[in-house]
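Peer 1: This is the structure I want to talk about, given as structure tokens.
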Amino acid sequence: MINASNMPLRNNEGFLEDAHSWTPQVAERIAADNGLELSPAHWEVVRFLRNFYQQHAMSPPSNRLFVKAVKEVLGEDKGNSIYLMQLFSGTPAKSACRVAGLPRPTNCL
């Protein structure tokens, strides 16, 4: 895992200042800083978000749209609020985007 001195710059909410500075090692550090150990299920959602960002040049703007987008790509069993809340505490879209190195979703509190 990357150490604190090699970590790319983050804002006061823990989001990377530059999404292009993200690496899997950075994701592991962000997750650890937020009390998460990334499982294969976490990585599946992180990869989904990275692909979403590449296609749309934005994070999913809200938790509702995040869940809907996950459902369309990963299926109904993973595209639901309960599943995503079990993986990423708090607001799943916000927490998952933070780990994925993406900008904060615009409509997440």
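Reminder that position 65 of the sequence shown reads as 283 in my numbering, one-by-one numbering, no gaps.
Built from N, CA and C at the ideal position, the CB exists for glycine as well.
These numbers were taken from a predicted model, which means no experiment stands behind them.
Use the C-beta contact count for Ser299: other C-beta atoms within 10 angstroms, 16 or more gives buried, fewer gives exposed.
Peer 2: Looking at its Cβ environment, which holds fewer than 16 other Cβ atoms inside 10 Å, Ser299 is exposed.
Peer 1: Cβ atoms of Pro310 and Leu302: under 8 angstroms apart, would you say?
Peer 2: Yes, the pair counts as a contact, with Cβ atoms nearer than the cut-off.
Peer 1: Could you work out which residue in Gly253, Arg322, Ala314, Glu262 is closest to Gly293 when comparing CA atoms only?
Peer 2: The shortest C-alpha separation from Gly293 is found at Glu262.
Peer 1: Cα separation between Val244 and Asn230?
Peer 2: Each residue's Cα considered, the two are about 17 angstroms apart.
Peer 1: Nearest CA to the CA of Leu254: which residue from Arg322, Pro323, Ala314?
Peer 2: It is Ala314 whose Cα lies nearest to the Cα of Leu254.
Peer 1: At 4 residues or longer, and completely inside the region 295 to 324: list those alpha helix (DSSP H) runs for me, N to C.
Peer 2: Qualifying alpha helix (DSSP H) stretches, in chain order: 299 to 305, 310 to 317.
Peer 1: CA-CA distance, Asn325 and Val285?
Peer 2: If I take the Cα positions, the gap works out to 14 angstroms.
Peer 1: With a CB to CB cut of under 7 angstroms and the five nearest residues on each side skipped, what residues in its chain are close to Ala287?
Peer 2: So the qualifying residues of the chain are Phe270, Pro278.
Peer 1: If you follow the alpha helix (DSSP H) that Arg265 is in, where does it begin and where does it stop?
Peer 2: Unbroken alpha helix (DSSP H) run through Arg265: 258 to 274.
Peer 1: Check this for me: beta carbons of Leu305 and His238, under 8 angstroms apart or not?
Peer 2: Not in contact: Leu305 and His238 (Cβ atoms no closer than 8 angstroms).
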